[in-house]
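Taking numbering that gives the first Met the number 0, the leading residue of the sequence shown gets 0, the next gets one more, and so forth.
Report on the following structure.
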Amino acid sequence: MNNKNIIHLSNNQAECKISLFGGNLISYKPKSEKHDIFWLGDLNKFDNIQAIRGGIPVCWPRFAEEKLNNHFPRHGFARLSNWQIQNISVNEQKIEVSLYLPPNETYRAKISAILSLRITDTLEYSLETTNLSHEDFKFSEALHAYFNIGDRDKTIIKGLSGYRYQNSLDNKTYILEQDLTINNEFDGAFINHTNNIEIIDPIYNRTIIIEKHGSNSTIVWNPNRDLVEMSPGQYKSFVCIEPANQGDLFVTLPPQKKHIISMRIKIKH
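Given below as structure tokens:
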């Protein structure tokens, strides 16, 4: 992965890799962990043209192929854009990074974004949107996190039980009756979900805890097959859990105002 657009930072607490193309945190590994917290497709090209599969792609200011902002690319333009370094600070206690995405002239989008990372023994991650126009801006967003797990079929996801979810595979709405395990294709948007989520991984012997803020829905996804960026069987070693505002829960941002969606990730053994 010899790419000048990828920044590698480390200290006594953790190490991380960030791609300026897409503003994508492609790796985060506390020094106490044997395995990375995030999954990354083995066959990514890192050509600064195609979106990176893995890490945390920034889906902004459009989620998937929603009708809202359908003049933007699928999942928006942030994951296909070159972000600018605003600040990098590293000492033995913490790593702090701030990246800036200016208004996009191609799509005449009078909005900007700041991506902020703070790494200690936990990861604090936030995306701030500013509306620079003189009228309301409506948008959807998702922090499309690919979490690295030992075996998808044996992983338990807590914190979603009792919530309604929209299944994008059949466009029907269901209620999750119990903790979620995935052993087939799954693509669901959990509605009005603001709770913490726990990924219990018996193979890597750890629990990944996701605390989210400024998010009214949570997407959970696994394709149950290898996509073009994946080596054989690699789909079984991740689950996407994404703090989001999408569907009917999009953001309406008044002129000159800011909106922040964030998550805090920590590991428990």
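Backbone N, C-alpha and C fix where the C-beta goes; we use that ideal spot for every residue, glycine too.
Every value quoted in this text rests on a predicted model; they were computed, and no experiment measured them.
Helix or strand or just coil, what does DSSP make of residue 248? Position 249 of the sequence shown, counted from the first residue, corresponds to residue 248. Residue 248 falls in the helix class under three-state DSSP.
Measuring CB to CB, does residue 146 end up less than 9 Å from residue 62? Residue numbering aside, residue 146 sits at position 147 when the sequence shown is read from its first letter. Residue numbering aside, residue 62 sits at position 63 when the sequence shown is read from its first letter. Their beta carbons are not under 9 Å apart, which means residue 146 does not touch residue 62 by this criterion.
So residue 262 is in the beta strand (DSSP E); what residue range does that whole segment cover? For the purposes of this step, residue 262 is taken as the residue at position 263 of the sequence shown. Where residue 262 is concerned, the enclosing beta strand (DSSP E) stretches over 257 to 267.
Looking only at DSSP bridge pairs, what is residue 124 linked to? For the purposes of this step, residue 124 is identified with residue 125 of the sequence shown, where counting begins at 1. Per DSSP, 116, 262.
I'd like to know whether the C-beta atoms of residue 190 and residue 242 end up nearer to each other than 9 Å. Working through the sequence shown from its first residue, we reach residue 190 at position 191. Working through the sequence shown from its first residue, we reach residue 242 at position 243. Not closer than 9 Å, so no.
Considering only residues of the same chain and omitting the five flanking positions on each side of residue 14, which have a CB-CB separation below 6 Å? As a working note, residue 14 is residue 15 in the sequence shown. The answer, listed in chain order, is 28.
Whole angstroms are fine: how far does the CA of residue 267 sit from the CA of residue 206? Position 207 of the sequence shown, counted from the first residue, corresponds to residue 206. Position 268 of the sequence shown, counted from the first residue, corresponds to residue 267. Roughly 5 Å between the two C-alpha positions.
Determine the direct distance from the alpha carbon of residue 221 to that of residue 165, and round the result to whole angstroms. Here residue 165 corresponds to residue number 166 of the sequence shown, with the count starting at 1. Here residue 221 corresponds to residue number 222 of the sequence shown, with the count starting at 1. Their Cα atoms are separated by approximately 15 Å.
Can you tell me whether residue 26 is helix, strand or coil according to DSSP? Within the sequence shown, residue 26 is the residue found at index 27, counting from 1. In this structure, residue 26 counts as strand in the three-state DSSP scheme.
Within the same chain, show all residues whose beta-carbon is closer than 8 Å to that of residue 239, passing over the 5 residues directly before and after it, in chain order. Locating residue 239 in the sequence shown gives position 240, where the first residue counts as 1. Closer than 8 Å at the Cβ level, and outside the excluded window around residue 239, lie 143, 144, 145, 146, 218, 219, 220, 221.
Can you find at least 3 beta carbon pairs, one from the segment 99 to 108 and one from the segment 3 to 19, that sit closer than 8 Å? no
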